[in-house]
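Just add 34 to the spot in the sequence shown (first one is 1) and you have our numbering.
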Amino acid sequence: MERLKGGGKLFNELAKGTNLTQEQTALLKAFNQVSGYLIHKFSEVAEQIDRLNIERVEG
(Lines of atoms letter the chains of each structure in order from A; the text may use other names.)
(Lines give C-alpha, C1' and ligand atoms only; values in the text may rest on other atoms or scores of the structure.)
Protein backbone atom coordinates (compact mmCIF):
# COMPACT_ATOMS: atom_id res chain seq x y z
CA MET A 35 0.00 0.00 0.00
CA GLU A 36 2.76 2.40 0.93
CA ARG A 37 4.49 1.85 -2.41
CA LEU A 38 1.30 2.76 -4.26
CA LYS A 39 0.90 5.90 -2.17
CA GLY A 40 4.55 6.76 -2.69
CA GLY A 41 4.19 6.34 -6.44
CA GLY A 42 1.25 8.74 -6.45
CA LYS A 43 3.22 11.29 -4.46
CA LEU A 44 6.18 10.98 -6.83
CA PHE A 45 3.90 11.38 -9.83
CA ASN A 46 2.44 14.57 -8.35
CA GLU A 47 5.88 15.97 -7.53
CA LEU A 48 6.98 15.37 -11.11
CA ALA A 49 3.83 17.07 -12.39
CA LYS A 50 4.54 20.13 -10.23
CA GLY A 51 7.77 20.68 -12.14
CA THR A 52 5.93 21.23 -15.43
CA ASN A 53 3.49 23.77 -16.76
CA LEU A 54 0.29 21.77 -17.04
CA THR A 55 -2.60 22.82 -19.21
CA GLN A 56 -6.05 23.16 -17.68
CA GLU A 57 -7.00 19.79 -19.19
CA GLN A 58 -3.88 18.11 -17.80
CA THR A 59 -4.57 19.59 -14.37
CA ALA A 60 -8.10 18.20 -14.48
CA LEU A 61 -6.78 14.79 -15.55
CA LEU A 62 -4.25 14.82 -12.71
CA LYS A 63 -6.98 15.66 -10.21
CA ALA A 64 -9.18 12.85 -11.54
CA PHE A 65 -6.23 10.45 -11.43
CA ASN A 66 -5.53 11.37 -7.81
CA GLN A 67 -9.16 10.81 -6.84
CA VAL A 68 -9.36 7.42 -8.56
CA SER A 69 -5.96 6.40 -7.26
CA GLY A 70 -6.95 7.23 -3.69
CA TYR A 71 -10.20 5.31 -4.05
CA LEU A 72 -8.48 2.24 -5.50
CA ILE A 73 -5.80 2.25 -2.81
CA HIS A 74 -8.54 2.42 -0.17
CA LYS A 75 -10.48 -0.46 -1.77
CA PHE A 76 -7.31 -2.52 -2.24
CA SER A 77 -6.55 -2.03 1.45
CA GLU A 78 -10.05 -3.25 2.36
CA VAL A 79 -9.61 -6.35 0.18
CA ALA A 80 -6.22 -7.11 1.75
CA GLU A 81 -7.75 -6.83 5.24
CA GLN A 82 -10.62 -9.13 4.25
CA ILE A 83 -8.18 -11.71 2.87
CA ASP A 84 -6.24 -11.59 6.13
CA ARG A 85 -9.44 -12.16 8.12
CA LEU A 86 -10.47 -15.06 5.89
CA ASN A 87 -7.04 -16.66 6.23
CA ILE A 88 -7.23 -16.37 10.01
CA GLU A 89 -10.72 -17.92 10.00
CA ARG A 90 -9.48 -20.75 7.76
CA VAL A 91 -6.53 -21.49 10.04
CA GLU A 92 -8.65 -21.33 13.19
CA GLY A 93 -11.51 -23.31 11.62
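Beta carbons are placed, not taken as given, at the ideal position from N, Cα and C, and that holds for glycine.
All of these numbers come straight from a predicted model, not from anything done at the bench.
Beta-carbon within less than 7 Å of residue i's beta-carbon, same chain only, minus the 5 sequence neighbours each way: which residues are those?
i   : result
G51 : none
Quick one: what's got a C-beta closer than 6 Å to residue i's C-beta in the same chain, skipping five residues either side?
i   : result
L38 : I73
E36 : none
A49 : L62
Just the Cα atoms here: how many angstroms apart are residue i and residue j?
i   : j   : result
N87 : E81 : 10 Å
Y71 : G93 : 33 Å
Have a look at the options and flag the residue whose alpha-carbon is nearest the alpha-carbon of residue i.
i   : options          : result
G40 : N66, A60 and E57 : N66
Would residue i and residue j be called neighbours here (beta carbons separated by less than 8 Å)?
i   : j   : result
G42 : S77 : no
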